[in-house]
Every structure is written in C-alpha cells, then in structure tokens.
Amino acid sequence: MTAPWRPAAGPVVCVGETMAALAPEPPDSVETGESLRLSVAGAESNVAMYLADLGRAAVWLSALGDDPFGRRVRTAVAAAGVDVSGVRSDPNRPTGLLVKDPGPTGTRVHYYRRGSAASALGPGILDDPRLGSAALLHLTGVTPALSPSCAALVERALAAPAPDRPYAISFDVNHRPALWPDGTAATVLRDLADRADIVFVGLDEAQHLWGADLDAGGVRTLLPRPRLLVVKDGGRSATAFGDGSQVTVAALRTEVVEPVGAGDAFAAGFLAGLLRDGDLTSALRLGHITAASALRVIGDHGPLPDSATVERLLGLTERAWVERNIPERAGHTPPARRGSIHPS
1 MTAPWRPAAG
11 PVVCVGETMA
21 ALAPEPPDSV
31 ETGESLRLSV
41 AGAESNVAMY
51 LADLGRAAVW
61 LSALGDDPFG
71 RRVRTAVAAA
81 GVDVSGVRSD
91 PNRPTGLLVK
101 DPGPTGTRVH
111 YYRRGSAASA
121 LGPGILDDPR
131 LGSAALLHLT
141 GVTPALSPSC
151 AALVERALAA
161 PAPDRPYAIS
171 FDVNHRPALW
181 PDGTAATVLR
191 DLADRADIVF
201 VGLDEAQHLW
211 GADLDAGGVR
221 TLLPRPRLLV
231 VKDGGRSATA
241 FGDGSQVTVA
251 ALRTEVVEPV
261 GAGDAFAAGF
271 LAGLLRDGDL
281 TSALRLGHIT
291 AASALRVIGD
301 HGPLPDSATV
311 ERLLGLTERA
321 WVERNIPERA
331 GHTPPARRGS
341 IHPS
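This is the structure:
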C-alpha cells in the first residue's frame, strides 16, 4: 500500500503582507469604543506564527515600512519564534493598516494598504536563500490581488510543474472581494489554486466564487490537480481530499470571540499535522484545535492549549472528538458553541 503523500522535511516559508491592526474591545464597535487595541494581522505571518507555536521551523518573507508600525509587526512575528531575517524595510513605502469593526452581524475589516511596502513585492523574493532548504512555500490569494508585481510573484512560484519544484506549495484561496476588480477573482484564483500541491478553501468562499450549488465534492471536481485539497465548511467540519481518499472531521465546539484569523490558524495546524506524520485525520484535527485558539481571542494569534492537551485531543475517539470542547481559559467560562473556522 502506498504511503500518503506529505512534503519533505524542512522549514515552511510563508510569503505575503502583514499589517498593523486596530480593534475595539468587545462588545464595542469602532464608532462606540473609547480605545483601540493594536496588534498585527497578516494571513501568511499568522500561519508562520502558529507553525512556530506547534514546533515547526517557520520563515516569513515580506516587506515593511521603515516606520513604527513596521517595527511593531516585525517584533511581534519574531517573538512567536518565526525567522524574520529576510523581511525587508522599505524607506519609501508605509506598513499597511487594517481596522476590525465588530458588529452584530459579524466583523467588518477596513484596509488601508494602498501603496504599502508589501504591495511592491515581486518575483525576486523567491530568490531568497531561505527557500533553498524549504519543505513548503505557503501563499494565499491575497497576494496576487495586491499589485501586478505581487501577482507576478505568485505566478512565478506556481509556473513550474509540481514534480519539478524544489519544495511543495500550499495555497489558501483566501478570497478578499474588495481587492479584486469585478469579475476577475474567480478565474484567477481557480487557476492558481489548481496548480498548487495543497489548497485550502472555505465552502462558502468556493460557492461565492464558482457556484452557489457546490458541495465539497464539487470543489474537488473543479480543482482536481492538487495533491491535497481541504474544504472547510464553516463551523461544521473540514474535508481533505487526497489521491483517491476523502476524510471529513467535525469542527470542535468552542466560544467565538472574533473569527478573523481562524482560517490561517487552521491552515497552520493542518500543515503541522501533515508534516508530522501525513495522517489526514490527525492533520484535520490539529487544524481545528489551532483554529479554535484564534476564535477565542480578539487578535489573529491566540494561545494554543498545552502540548499534553493537544495530544489528548488528537487521541480521542471519533465520538469523543465531536462531543469535546476545548477547555476554557482560566477565569473565563462563557458557554461554548460551534464557531466558524474559515475567515482570516
């Protein structure tokens, strides 16, 4: 019996923009709150930070403005154990900024990133020597929407056929409608995703892009080439499609404080699990565990359970897994509920 595919051993390199992030304390909105909390937010650096939390060697490549926000971002990502030595400081362009605005119908995110340092990234970043030892390059659909040079970066990364690449490529579709001219995202994102080795996409995201009647199997039909495709069905479950295999794992029930960033956490958990032993059920479980950590905090990066708790959760029977809720943080015990895992 052929062993399931997984990337070779080595670091995971994540490439993309990270911004300074402002958010009010719940239950306030930006309009009603008296203060805003400063953190950092970026899909690719989120993945890198959670990978480092899970014990994987992680590198983040990007560009930041030579400004206080940029220094704050660099320090925060490095503090999580991520290698940021390849992040460039741009003296002429600013660090991007986003503002999270929670509301009764969900969190709206306002971006101030036009002309940012990261929007000037281009294909040359793929020549960084840190990619020489990489097992995996992680990209998202945010990057090709930022600028023509960023689109060229992703295009170059995916240009070579999978067997000829020096590392595997992971691609999170991460559709951000506000970044794309009308009518352009669906074709571009489908083409890029279908050339990656590992793909993450939310079911509702896929339905918005490629057809309202799609189910997880229909997404696989649209994206047949990736070695692994993970379709996340909100707070219900996630399904991984491999070479002729299909595995579905229910989401954990957990308190949802704020959902933005949980999709990145899920991707990191899945990748860490995949690199660990290649077992898809364990990888999906670790994705859910990591996503729950993001759902329970205002910022994008929340603390993971201790390693003993993670191992215990990974070892649960299927029935116990479905019924289990991640233990509440000390001194904070609101009712648990299932939470969406795909926004980021």
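Position 145 of the sequence shown, counting from 1, maps to 145 under UniProt numbering, and the rest follow consecutively.
Don't be surprised by glycine CBs; every beta carbon is placed ideally from N, CA and C.
- If you compare the alpha carbons of L295, G302, A294 and A283 with that of L313, the shortest gap goes to A283.
- When DSSP states are grouped into helix, strand and coil, W60 belongs to the strand group.
- The alpha-carbon separation between E44 and Y50 amounts to approximately 10 angstroms.
- Sequence-distant Cβ neighbours of P27 in its own chain, meaning closer than 8 angstroms and more than five residues away, are P102.
- One thing to note: G96 has its Cβ no nearer than 7 angstroms to the Cβ of R71.
- Taking a contact to require three or more Cβ pairs closer than 8 angstroms, the segment 104 to 124 and the segment 132 to 142 do not qualify as touching.
- Less than 7 angstroms separates the beta-carbon of V247 from that of T281.
- Here D127 carries a helix assignment [DSSP, helix/strand/coil].
- Between the alpha carbons of A159 and I125 lies a gap of roughly 15 angstroms.
- Within its own chain, the residues whose Cβ lies closer than 8 angstroms to the Cβ of S29, once the five positions on either side in sequence are excluded, are D101, P102 and G103, listed in chain order.
- Secondary structure of V30 (DSSP, three-state): coil.
- In the three-state scheme derived from DSSP, where H, G and I count as helix and E and B as strand, A308 is classed as helix.
- Counting only runs of at least 3 residues, the segment 244 to 286 fully encloses the following beta strand (DSSP E) elements, listed from N- to C-terminal order: 246 to 250.
- Here the segment 164 to 179 lies against the segment 117 to 135, with 3 or more beta-carbon pairs under 8 angstroms apart.
- With fewer than three CB-CB distances shorter than 8 angstroms, the segment 174 to 185 does not count as touching the segment 67 to 81.
- Residue pairing by DSSP places A168 opposite L136 in a beta bridge.
- A Cβ-Cβ distance of about 5 angstroms is found for the pair V15 and L61, placing them in contact under the 8 angstroms criterion.
- In this structure T290 touches L304 by the C-beta definition: roughly 7 angstroms separates them, less than 8 angstroms.
- In the DSSP assignment, A41 falls within the beta strand (DSSP E) that extends over L36 to A41.
- Distances from the CA of D53 to each of R74, L271, L22 and T18 were compared; the closest alpha carbon is that of L271.
- Segment contact: the segment 144 to 160 against the segment 230 to 249, fewer than three CB-CB distances shorter than 8 angstroms; contact not assigned.
- Short of 7 angstroms from the beta carbon of A265, and not among the five residues preceding or following it, lie these beta carbons of its own chain, in chain order: N46, Y50, T290, A291, S293 and A294.
- Along the segment 138 to 226, the alpha helix (DSSP H) occurs as fully enclosed runs of 4 or more residues at 143 to 146, 148 to 159, 185 to 193, 203 to 210 and 216 to 222, listed in sequence order.
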